[in-house]
Amino acid sequence: MVSIRKVLIANRGEIAVRIIRACREMGIASVAVYSDADRASLHVRMADEAAHIGPSESIHSYLSIDRILAAAKRHGADSIHPGYGFLSENAEFPQACADAGLTFIGPSAETIRLMGSKPRARRVAQHAGVPVLPGTSAGVSDLQEAGITAAEIGYPVLIKAADGGGGKGMRRVETAAELDSALLAASSEARRAFGSGSVYIEKLLERPRHIEIQVLGDRFGHLVHLGERECSIQRRHQKVIEECPSPLLERYPDLREQMGAAAVKVARESGYFNAGTVEFLVNATGQFYFLEMNTRVQVEHPVTELATGLDLVHWQIRIADGETLTLSQDQIRWRGAAIECRIYAEDPANDFFPSPGTITHLSMPAGAGVRLDSGVYQGWTVPVEYDPMLAKLAVWGETRPVAISRMQRAIGECRVGGIATNL
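Using our numbering, you'd call the opening residue of the sequence shown number 1 and step up by one each time.
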């Protein structure tokens, strides 16, 4: 047994607040880290202790493994939770934690390295017997190879970053004439965003459904899935609204069972433990394809928590602490319907450009079935350096229509002054 007693949260914003709350509920001390821009942030105020780790630029603060490990040592933390984003899917981070004698609250470095590469992850899915879209299972090295592959699988195709996500390093290609410029643009963008210009090619599905399966496993080989989240409503390949159950899988329960089993197969093949998410695309005929695996807690995890009654962050900590997962697949039940919307400091009148500034007024909804995960407060200044998400608004209802009505009511109660938002 590891016996986790003090957790350093290597993150900021709402996810840092979420983890601090879980630690407090479990009787575990928390250490926040902050950059110059985050000195007055909510997560710093809420944590038991706080450590300054550098200037506002992420590369010198939230992305600095050395600075974060030094903060953990100064404050006597015995474990680190990476949250999502920043270092959460950097395989060097859990290895560095292990070398420093710290418990990493997440999967192994080997699994993160394996599933962090999209081509390698495709091969894992294939070995597990899970369908993948036609495409390359290794990076594309030149235009000639790309042209041969695209011709074989048929246009349109997607060129995608091999070592990243979030819509960066991605280009749609309709014809062979577009391939050269798209390949160069995708590779260049991927190199700037992820430090690697490696790209691969995949068949493009028109108007697919995007459905992900939450998995949870311990260090002893026990794995379960906690059902699906549908994330088909997106903007620029970024999720905006998520819900459980999926309206599609409600109509086809056999498909839900197949996708859940496939997610567990992929997780098992990769040697996975802790919380993770296997993402799929579903075409118009109901055929599903492995897309990727996220080796961390998802932004949208509250949807699953509302639908199942389980606390994923609690389970992350318990599994990292060496506990056995006591849940069997038969024990997992979903009730009602849950929906989540992301609230961003973005200006809809200016092509959703980020809108940093001081929040002069803040009024958030409450009431039965409403959950708010927020990292902001009235008077706080939204920094320009980081992702502009302010909060996540999630609701639960006995049925999907009830949940939709509740979400509409809750959004109507949201008031944010001083900055533009997507409300």
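Cβ atoms here follow ideal geometry from the backbone N, Cα and C, with glycine treated the same way.
- Nearest Cα to T421 within the set A349, K203 and D48: A349.
- Less than 8 Å divides the Cβ of A267 from the Cβ of G276.
- In the pairwise beta carbon analysis, the region 13–21 is classified as touching the region 42–55: at least three pairs are separated by under 8 Å.
- Out of F352, R24, R251 and R74, the CA that lies nearest to the CA of V33 is found in R74.
- For L249, the enclosing alpha helix (DSSP H) has its first and last residue at P247 to R251.
- C-alpha of G369 to C-alpha of L248: approximately 23 Å in a straight line.
- Listed in chain order, the non-local C-beta contacts of L306 below 7 Å within the same chain comprise A338, R371, A394 and W396, local neighbours out to five positions each way being set aside.
- For C341, the secondary structure class from DSSP, reduced to helix, strand or coil, is strand.
- In the structure shown, E323 adopts coil according to DSSP, grouped into three states.
- Per DSSP, D99 is one residue of the alpha helix (DSSP H) stretching across E92 to D99.
- Taking a cut-off of 8 Å for Cβ pairs, the region 89–96 and the region 251–258 do not touch, as fewer than three such pairs fall below it.
- Spanning the alpha carbons of D180 and L143 requires a straight line of approximately 6 Å.
- Residue nearest to I4 within the set A71, D78 and I20 is D78 (criterion: CA-CA distance).
- For secondary structure counted as the alpha helix (DSSP H) over 4 or more consecutive residues, the region 120–198 holds these complete runs in sequence order: 143–153 and 179–194.
- Under the rule that a run must span 3 or more residues, the beta strand (DSSP E) segments found entirely inside the region 248–293 read 274–282.
- Between the beta-carbon of L325 and that of H222 there is about 5 Å, and that keeps the pair under the 8 Å contact cut.
- When secondary structure is reduced to three states using DSSP, C23 falls in the helix class.
- Rounded to the nearest whole angstrom, the CA to CA distance from E145 to H314 is 47 Å.
- Check the Cα spacing between E323 and each of D351, R172, I201 and D218: the tightest is with D218.
- For E57, the closest C-alpha among the options A182, R415, G227 and V384 is that of V384.
- Contact holds between the region 112–132 and the region 287–302, because three or more Cβ pairs, one in each stretch, are under 8 Å apart.
- CA-CA distance, F352 to S374, rounds to 20 Å.
- Secondary structure of A366 (DSSP, three-state): coil.
- For Q298, the three-state secondary structure derived from DSSP is coil.
- Annotation: the continuous beta strand (DSSP E) that includes R229 extends over L223 to R235.
- Within the same chain, V7, I20, C23, A47 and D48 come within 6 Å of S30 by CB-CB distance, once the 5 residues on both sides are set aside.
- Per DSSP, Q378 has no beta-bridge partner at all.
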